[in-house]
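Some notes on the structure that comes next.
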Amino acid sequence: MSTPTFGAGIWHFATYVDRYATDGYGDPRTILEAIELAGKVNDLSVVDLNWPFFGGDFSNEQIKTSLDAQGLRAIGITPEIYTRTFSKGALTNPDPGVRRLAHDLITEACDVVRSFGADYVKLWPGQDGWDYPFQVDHGKLWRLELDGLGQLAGENPDLKFVVEYKPREPRVHMSFDSVSRTLLGLEQIGLPNIGILLDFGHALFGGESPADSAQLAIDYGRLFGMDVNDNMRSWDDDMIAGTVHPIELMEFFHVLRRNNWEGVWQLDQFPFREDSVDAANLAIEFLKRVHAALDRLDEDALAAAQEAQDAVTANRLVHGALFG
Ligand code: FE
Ligand code: FE
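Counting in this note's numbering, the sequence shown runs from 4 upward without gaps.
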C-alpha cells in the first residue's frame, strides 16, 4: 500500500510549562517558529493548528504563507476552549455567558477552517467535566455538552467536527472520557458531521485496547481522525509513538488498514526534554516500519489464527512482520 500522509499537532514544536517548571522547558516560541520547525521534519505534510495562533497577533494570510513556505497544509483547527476562561468548562460551564464565549470561539474557528480549506474543527473539551463528587448534576452537565455540540454542528453543516476524548486532565474527569461514551453522545446528537478523533494514547490511558476503540468508531461511521503517541498507561504522557507500546500500535494500524480507513497518521507528542524535530522524525520512522510490517503481514494466516483466537500464532506472525 502507498505510504500514508503524516501530520502533527503544531504544539509538538512549541515549548511547554507544567506546574513545576513554571519557567517552561524552553523559551516561548511563536506559531510561525513552530511551523518553521515542523517544516524541518522529514515527510510531514499536514499540521493541526491551535487557534487563536500562539505567540503573537498573526493573520490567516501570514500563517498560510508560512505553511506554504514549508510545504505544509492545515488539516484541522483546534480552538482553545481549555484555557483559564474555561477552567470550569467550555460548553458545560455553569455560567451561560462563558458557554456563549465558547460557542463564539468555536464559531470563529469554523471560519478559520473555511479560510484554510482544512478538514475539520477539532474539539478537545479538556475542561468539560468535573473534579469532586457532588460537584455537578451529571444529567444536566451531559445535556449541556450535547446541546452545545449539537448546536454548533447544526449551525455549520458544511464543516466536520471531531471530538477528541480523554479520561482526565486538566479536568479530573472529562465528560468525553472514552470511546463508548463519546459514541453514545454523538449518536444521540444524530448529526452526520460530528465524529471522533481517536488519540491512541488517550485510549491506552483509558484502559481501552486502541484497536478495538478504532473498530467501534469505524463501525458507527464516526472515525474522522486519529493521532498517535505513547504513554505508560497511567497518564497522557504524549511520548514518542512506538517507544512503549509498539505491538498495540501495530494492531491499531492493522484495524485501520483492514477497514480501508484512509486518513492522516498524525502525531500528538509533547517532547518536553527532546529535540522536537528529532522526536517527530523518530516517530515517523517507526510508523513507516509499522506500515512496511503491515505489508509483510500474512493476512490470511492472521485471519485464520483470529478465527480460532489463537494468540500465540497471531503474535508469532506479528513479530515476524514487525521485527523480521
Ligand atoms: Fe491528541
Ligand atoms: Fe493528549
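C-beta atoms are modelled at their ideal positions from N, C-alpha and C, and glycine is treated no differently.
Compare the C-alpha of Glu-36 against each of His-248, Thr-246, Ala-72, Met-4 and name the closest.
Glu-36 has its Cα closest to that of Ala-72, out of His-248, Thr-246, Ala-72, Met-4.
Trp-133, DSSP secondary structure in three states:
Residue state, collapsed to three classes: strand.
Can you determine whether any heavy atom of ligand 1 sits closer than 7 Å to the C-beta of Asp-230, and answer yes or no?
Flag set: Cβ of Asp-230 near ligand 1.
Less than 8 Å separating the beta-carbons of Phe-203 and Lys-169?
Contact annotation: Phe-203 and Lys-169 have beta-carbon atoms that are not nearer than 8 Å.
Short Cβ contact (8 Å threshold) for Pro-128 with Ser-183:
Taking 8 Å as the Cβ cut-off, Pro-128 and Ser-183 do not qualify as a contacting pair.
Evaluate the contact criterion for the region 292–303 versus the region 251–258: three or more CB pairs, one atom per stretch, below 8 Å.
Contact holds: three or more Cβ-Cβ distances are below 8 Å.
With C-beta atoms as the reference, is Ala-24 less than 8 Å away from Leu-52?
Contact flag unset, no.
Round the Cβ separation of Leu-187 and Gly-157 to the nearest angstrom and send it over; I've been treating them as touching at under 8 Å.
Gly-157 and Leu-187 do not touch by the CB rule: their CB atoms are close to 19 Å apart, not below 8 Å.
Please give me, in chain order, every unbroken run of the beta strand (DSSP E) with length at least 3 that falls completely inside the region 182–220.
Positions of the beta strand (DSSP E) runs, each at least 3 residues long and wholly inside the region 182–220, are given as 197–202 in order along the chain.
Backbone secondary structure at Asp-230 - three-state DSSP
If DSSP states are grouped into helix, strand and coil, Asp-230 belongs with the strands.
When the Cα of Trp-133 is compared with those of Phe-275, Ile-38, Gly-74, Pro-97, which residue comes out closest?
With distances taken between Cα atoms, Trp-133 lies closest to Pro-97.
Cutoff 7 Å; reference Leu-104; Cβ partners in own chain excluding five residues on either side
Hits under 7 Å: Thr-88.
Could you spell out the range, first to last residue, of the beta strand (DSSP E) harbouring Ala-125?
Sequence check: residue 125 is Lys here, not Ala. Run containing Lys-125: 123–126, per the beta strand (DSSP E) assignment.
In whole angstroms, what is the alpha-carbon distance linking Thr-33 and Thr-81?
Computed Cα separation, rounded: 16 Å.
Could you spell out where the beta strand (DSSP E) holding Thr-110 opens and where it closes?
Looking at the DSSP string, Thr-110 is not in any beta strand (DSSP E); the run it does join, the alpha helix (DSSP H), is 99–119.
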